[in-house]
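K.L.:
Below are the structure tokens for one structure; questions will follow.
In the numbering used here, the protein residues as written are 45 to 258.
Structure below.
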């Protein structure tokens, strides 16, 4: 089996311990507030969460991917993410996931760069926001940037779906049927990308969600 494919499957697997199970991307709050009470509401919420990941998170993933060897740039990106994530719940979840991602990766992948970032996290030089750590790790593991984008947004979808099942709103078979019926699986797996010209200065102002034609 292709080595990179194995790496992609490892990181995308919900069994990879990054702490994603500990939050619901706002789904639990939306249900309690009565915002989500129909299948259509759930579909709309899910799509909007993925769009938000594309417009806000992927620029950080991209920038960190291209700056994996530049500690100062990674520190700057991490600080900018800290400033932008002013919701304390989302901020805390991002830091926990990012730190867990690197700590786990350092134990699995014998790479000096990963261990260096782990040391910076231990020394509190970095907050370790998930988007920045994810982009960095994808580059170090020599994954394609487009694949990293897909993996990241798939992770958002996976978290929402897992949270919905955990909260008892839907069953596992119902979720699979839901994905097929609303074409979310196709929309994501076939292609989800942000334009490569998108930079942090354009954050949240431009996002492309399209279908891949091979």
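By construction, the Cβ of each residue, glycine as well, lies at the ideal position given by its N, Cα and C atoms.
#1: So within the stretch 161 to 205, which uninterrupted alpha helix (DSSP H) runs reach at least 4 residues, ignoring any that extend past its ends?
#2: Under 8 Å between the Cβ atoms of residue 94 and residue 200?
#3: Can you tell me which of the three DSSP states residue 153 falls into?
#4: On the DSSP letters alone, give me the boundaries of the alpha helix (DSSP H) that residue 214 sits inside.
#5: Mind checking whether residue 142 and residue 173 have CB atoms under 8 Å apart?
#6: May I ask you to report which of helix, strand or coil DSSP gives residue 114?
#7: Between the alpha carbons of residue 67 and residue 58, how many angstroms are there, rounded?
#8: Just to confirm, is the Cβ distance from residue 145 to residue 138 under 8 Å?
#9: Whole angstroms are fine: how far does the CA of residue 207 sit from the CA of residue 72?
#10: Quick one: what does DSSP say residue 145 is sitting in, helix, strand or coil?
#11: Just the C-alpha distance for residue 75 and residue 195, rounded to the nearest angstrom, thanks.
#12: Is there at least one non-hydrogen atom of the ligand GTP closer than 7 Å to the beta-carbon of residue 95?
P.N.:
Reading from the atomic positions:
#1: Segments of the alpha helix (DSSP H) lying fully in the stretch 161 to 205: 174 to 184.
#2: Within the chain shown, numbered from 1, the residue matching residue 94 stands at position 50. Within the chain shown, numbered from 1, the residue matching residue 200 stands at position 156. Yes, the Cβ-Cβ distance between residue 94 and residue 200 is below 8 Å.
#3: On the chain shown, residue 153 is found 109 positions in, with the first residue counted as 1. Residue 153 falls in the coil class under three-state DSSP.
#4: Counted from its first residue, the chain shown places residue 214 at position 170. No residue range can be given for residue 214, since it is assigned to no alpha helix (DSSP H) and is classified by DSSP as neither H nor E.
#5: Position 98 of the chain shown, counting from 1, holds the residue named residue 142. Position 129 of the chain shown, counting from 1, holds the residue named residue 173. Inclusion of residue 142 and residue 173 in the CB contact set at 8 Å is warranted, their separation being smaller than that value.
#6: For the purposes of this step, residue 114 is taken as the residue at position 70 of the chain shown. Residue 114 sits in coil when the DSSP states are folded into three classes, being neither helix nor strand.
#7: Translated into the one-based positions of the chain shown, residue 67 becomes position 23. Translated into the one-based positions of the chain shown, residue 58 becomes position 14. Using only the alpha carbons, I get a separation of about 13 Å.
#8: Counting from one through the chain shown, the residue named residue 145 turns up at place 101. Counting from one through the chain shown, the residue named residue 138 turns up at place 94. Not in contact: residue 145 and residue 138 (Cβ atoms no closer than 8 Å).
#9: Stepping through the chain shown from its first residue, residue 72 is reached at position 28. Stepping through the chain shown from its first residue, residue 207 is reached at position 163. For residue 72 and residue 207, the gap between their C-alpha atoms comes out near 8 Å.
#10: Position 101 of the chain shown, counted from the first residue, corresponds to residue 145. In this structure, DSSP gives residue 145 a helical state, which the three-state scheme calls helix.
#11: In the chain shown, counting from the first residue as 1, residue 75 sits at position 31. In the chain shown, counting from the first residue as 1, residue 195 sits at position 151. Looking at the two C-alpha atoms, the distance is approximately 26 Å.
#12: Questions concerning the ligand GTP fall outside what the structure shown contains, since it holds no ligand whatsoever.
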